[in-house]
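What follows is one structure encoded as structure tokens, with my remarks underneath.
Residue numbers (the working numbering): 1 to 65.
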């Protein structure tokens with residue numbers, strides 16, 4: 001299958017830059033998110049981690065009485 005895909009790109013000039021750009025974009029987004037998470041205060045992390053377990057907001061939204 002890769003043979004069919006790479007055959008289409010053989011005639012294109014400058015196509016080799018796109019995988020490099022996509023790798024750089026992925027790396028930049030990954031490092032940025034890592035820095036944001038590391039700098040996030042512990043209070044916010046604890047609050048976010050309890051969201052799936054918090055029944056108070058769910059019971060208020062699902063109160064059909």
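The beta carbon of each residue, even a glycine, is placed where N, CA and C say it ideally should be. The structure displayed is predicted, hence computed values, not measured ones.
- In the three-state scheme derived from DSSP, where H, G and I count as helix and E and B as strand, residue 47 is classed as helix.
- For residue 40, the three-state secondary structure derived from DSSP is coil.
- Taking a C-beta distance under 8 Å as the contact criterion, residue 9 and residue 15 qualify as a contact pair.
- DSSP, reduced to helix, strand and coil, places residue 33 within a helical segment of the structure shown.
- Across the structure, residue 31 and residue 48 are spaced so that their CA atoms are roughly 21 Å apart.
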